[in-house]
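Since the structure comes first, as structure tokens, the remarks are kept for the end.
In my numbering, the protein residues as written are 1 to 658.
Set out below in structure tokens:
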């Protein structure tokens, strides 16, 4: 929609030229608000220190009145409260009149005719400056009465609402009022009104007058930043206002605009807009949802800040507050997602699990920290709740493997599988970190009650993961489960067996002992390359007079390793050197299990060292090819009816003969 300033009549062109000349003179007389700006604006609610972007004209005369500053107030209205307050106090001293005094004086003058006094004529600029002053005061104080006063003042100019500058401030005041009412629909209307009725006209006017070529100053970057801050920081981050997804296209348009930031300044606002646009188009997240995208960006940012502070400062109260804020926006991601099981929900669940997994292993070093009590809830009820919630999400999205992944928001089945695998690994890692936390507790106490308590908590976390994996059997969605899930189950079962062994020392029956052996055998089935653990189990059984259990369960396992079709198929698909080494290991394992290793076979120590190295590499690399071998080997046996599968279902069968 063209402005009148761009219509092709000579008279209009002359008027536009005169207006621009006057505007340039006014700008020369008023110091730039941007010249005093001390901070840049990056991700939502984050402020970064940077150098001033515009130098104050050295020849500019000292301004002793508020009017010229208010004329360029669009240069500061995207600042936060503290920045506006600091700037305002400096101007109060410089001018010799407080902004509050200016508002009171001009409010008395302009409203005099409404009190029965003789009417007095004032310029439209006087009304506009008062409204701007009242708006600036509101942006600093959040006082609703000040905003209502600004709206009342702007009402006097409603007859000139088609003028871009007046349209901008009128729309800004109305948008802020919509925020006060939590009226999302009206807020969206007012924001688009500012864009269409003001900023687009200002853009066209600058193009017509050569501002974009650098011949005259360009002001549009400040208007862009104001609108970005209004939507992101004030509406979504501060007010947590729902229902703003319709404003998504605004950021796509803004991404093509010049936001007036230099590389040396960090391009904070530009980076924010780019992240939002990327999030709106992300192929594995909730696309085209502005509320969700902003909440996800803020949650991730705060999560990174909390993690860095946690490592640098420990569990301080400040770190706790940052962590809680990150969790708040993570909760908003769930609230603002496209659906209860959308791709965005999966991403939010993973972020929360990762954040919790990061904090738990740092508890041991922070037992005397101020916020330790808060973080100590993570391995217990908080972590348990997160695991159950995330497992339910996985169970619900697993059927998408057979079709329907696009309804969850994924652009391809490959992206769906990648997201599902990531969720599984996050669940697995939180369960294992929780188990490690209680393992440390278990090993540092001699009190029988504490041993029982820590062992129980440890078993609950790790058995929840083992039961979760077992529950997937028969569902037919094996490709949704990452190969590394079975190595993770080995680590969980290995730790659980240790917990049962500790408890069995204080037991008067074989219940805990049977569970110890069952999980030792399960660990060997999941990872038969754990030779050290096999040897330890053999030695324990000999000591306890139960070596028959080794003969009954471990020797069949050794034979099965040598004869396994799954292993043979996997070996045949490897490179020749890998296949040769694998066959040598399998032969050695068979003999070591049977206790018949020859003198020329690798020693126990050599094998243990080599497999320990592989084990550590598998822990670091979820895509290690051996993960697939372990998965195939385990699934080959667990689907049969054997002594092993029967024992897993009924550990107490060890107390009776076959």
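All residues carry an ideal CB built from backbone N, CA and C; glycine is no exception.
8 Å contact criterion, which residue 361 and residue 484 should meet: CB distance rounded: Actually they are not in contact, since the Cβ atoms of residue 361 and residue 484 sit about 19 Å apart, beyond 8 Å.
Status (buried if at least 16 other CB within 10 Å, exposed otherwise) for residue 344: buried
Sequence-distant residues of its chain with Cβ nearer than 7 Å to residue 634 (five each side left out): 486, 525 and 526
Residue 559, DSSP secondary structure in three states: helix
Beta-carbon proximity check, residue 247 vs residue 191, cutoff 8 Å: yes
Check whether residue 176 and residue 147 have beta carbons under 8 Å apart: yes
Buried or exposed by the 16-neighbour rule on C-beta atoms within 10 Å, applied to residue 123: exposed
Sequence-distant residues of the same chain with beta carbon closer than 7 Å to residue 371, five excluded per side: 315, 316, 317, 319 and 320
Environment of residue 125 [buried if 16+ CB atoms lie within 10 Å]: exposed
Beta-carbon separation (whole angstroms), residue 134 vs residue 153, contact threshold 8 Å: 6 Å
Distance, residue 432 Cα to residue 289 Cα: 34 Å
Proximal residues to residue 81 (C-beta, below 6 Å), its chain only, five neighbours per side dropped: 140
Where residue 219 falls, given that 16 or more other Cβ within 10 Å makes a residue buried: buried
Any C-beta of chain D under 8 Å from that of residue 493: Protein chains in the displayed structure number just one, and chain D is not present.
Span separating the alpha-carbon of residue 391 from that of residue 436: 20 Å
Ordered list of alpha helix (DSSP H) runs contained in the region 307 to 338, each at least 4 residues: 317 to 336
Top-ranked residue by Cα proximity to residue 298, from 342, 276, 414 and 580: 276
Collapsed DSSP secondary structure at residue 64 in the structure displayed: coil
N-terminal and C-terminal residue of the alpha helix (DSSP H) that residue 236 is part of: Neither: residue 236 is in no alpha helix (DSSP H) and is coded neither H nor E.
For residue 561 and residue 600, the rounded distance between their alpha carbons: Because residue 600 sits at a pLDDT of 43, beneath the cut-off of 50, its placement in the model cannot be relied upon, and the following sentence gives the value as read from the coordinates. If I take the Cα positions, the gap works out to 21 Å.
Proximity of residue 76 and residue 107 at Cβ, strictly below 8 Å: no
Given residue 393 as reference, the closest of 453, 349, 401 and 407 once Cα atoms are compared: 349
Test item: CB-CB of residue 227 and residue 187 under 8 Å: no
7 Å CB neighbourhood of residue 401 in its chain, flanking five on each side removed: 477, 479 and 480
Euclidean distance between Cα positions of residue 364 and residue 503: 23 Å
Alpha carbon of residue 659 to alpha carbon of residue 178, nearest angstrom: Examination of residue 659 is not possible in this model, given that the chain is present from 1 through 658 alone.
Option in 294, 259, 279 and 268 with minimal Cα separation from residue 231: 294
For residue 97, three-class secondary structure by DSSP: coil
Length of the line joining the Cα atoms of residue 542 and residue 511: 19 Å
8 Å contact criterion, which residue 424 and residue 379 should meet: CB distance rounded: Between residue 379 and residue 424 the Cβ distance is about 20 Å, and since that is not below 8 Å, they are no contact.
Three-state secondary structure (DSSP) of residue 401: helix
Enclosing alpha helix (DSSP H) for residue 248 [first to last residue]: 248 to 254
Where the alpha helix (DSSP H) containing residue 202 begins and where it ends: 200 to 209
Same chain, Cβ closer than 7 Å to residue 292, five either side skipped, listed in chain order: 286, 333, 336, 337 and 344
Residue of 413, 387 and 388 minimising C-alpha distance to residue 399: 413
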